[in-house]
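Below is one structure, written out as C-alpha cells; comments come after it.
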Ligand SMILES: [Mg+2]
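Okay, structure coming up:
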C-alpha cells in the first residue's frame, strides 16, 4: 500500500525535468499538476520560465496536459495561453482524469510521466493509475484550504518513509 505514496523520482522543480532525460526513458508525454507545481497556487498566469519550459517540450515533441483539481476558471485562464490541453476538477487521486489525458495524447502509460507537488493527489493518483511519477517541491509553502489538511497527512507519510529509509532526497 505504502508504495503508492512513493514517487519514482523527486526533483526540486519542473525545470530539472528536461526533454533529453525524458526521451532517454522513452517518454513522449507529461501529465502535470498546476498549483504549486508550475506556479504558486495564487499566481494566475504562467511565468516566462514556464512558458519557455512548455515551448521546449513542444519543440521536442513531448506532449503536455495539465490536470488539476482546481476549478474551471483557474485552470482555463492559466492553460489556454499556453495552448495546452487541460482537465479541471480532476478529482485526483481518482484515476479517471489521468486515463482521459493519456487517451487524448494517444500515448500509452509507459510513455507518460506524471508530475506534481502532492503525494496524496498527484503521486498516489499517478502511481495507482500505473504511471511513472515525479514529485516536485511545492513552489510556495502556503496552500489553499483543502490542501492544508492533505499536507498534514502528507508530512506524516513522509516522515514515516524517511524513518524506513525509503526516501533519499534532501528537504
Ligand atoms: Mg499542486
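Numbering (the working numbering), first residue to last: 241 to 411.
Cβ atoms here follow ideal geometry from the backbone N, Cα and C, with glycine treated the same way.
key: Close Cβ partners of residue 370 (< 7 Å) along its chain, the five nearest in sequence each way excluded   = 349, listed in sequence order.
request  = Would you check if the distance between the CB atom of residue 302 and the CB atom of residue 271 is smaller than 9 Å?
outcome  = No, the pair does not count as a contact, with Cβ atoms beyond the cut-off.
ask   = Going by Cα to Cα distance, which pick from 358, 374 and 364 is closest to residue 380?
value = Put simply, of 358, 374 and 364 the residue whose alpha carbon is nearest the alpha carbon of residue 380 is 358.
query = Hey, which residues come within less than 6 Å of ligand 3, measuring from Cβ to any heavy atom, in chain order?
reply = Questions concerning ligand 3 fall outside what the structure shown contains, since the ligands it does hold are ligand 1.
key: Host alpha helix (DSSP H) of residue 263 (start-end)   = Run containing residue 263: 259 to 264, per the alpha helix (DSSP H) assignment.
ask   = Is the stretch 351 to 366 touching the stretch 245 to 261, taking contact as three or more C-beta pairs under 8 Å?
value = A contact between stretches requires three or more CB pairs, one per stretch, nearer than 8 Å, and the stretch 351 to 366 meets this requirement with the stretch 245 to 261.
ask   = According to DSSP, is residue 249 helix, strand or coil?
value = In the structure shown, residue 249 adopts extended strand secondary structure according to DSSP, grouped into three states.
task = Look up residue 416 in the DSSP assignment and say whether it is helix, strand or coil.
result = Past the boundaries of the shown model lies residue 416; the chain is included only from 241 to 411, so the question cannot be answered.
ask   = If we count the other Cβ atoms within 10 Å of its Cβ and call it buried at 16 or more, is residue 375 buried or exposed?
value = With 16 or more other Cβ atoms within 10 Å, it is buried.
task = Could you have a look at residue 349 and say whether DSSP puts it in helix, strand or coil?
result = Note: residue 349 maps to helix in three-state DSSP.
ask   = Name the DSSP bridge partner or partners of residue 404?
value = For residue 404, which the question treats as bridged, DSSP gives no partner whatsoever.
key: residue 359 (DSSP reduced to helix, strand or coil)   = Three-state DSSP puts residue 359 in a helix.
query = Would DSSP call residue 269 helix, strand or coil?
reply = Strand, per DSSP.
inquiry  = Going by DSSP, what residue range makes up the beta strand (DSSP E) through residue 374?
reply    = Bounds of the beta strand (DSSP E) holding residue 374 are 372 to 376.
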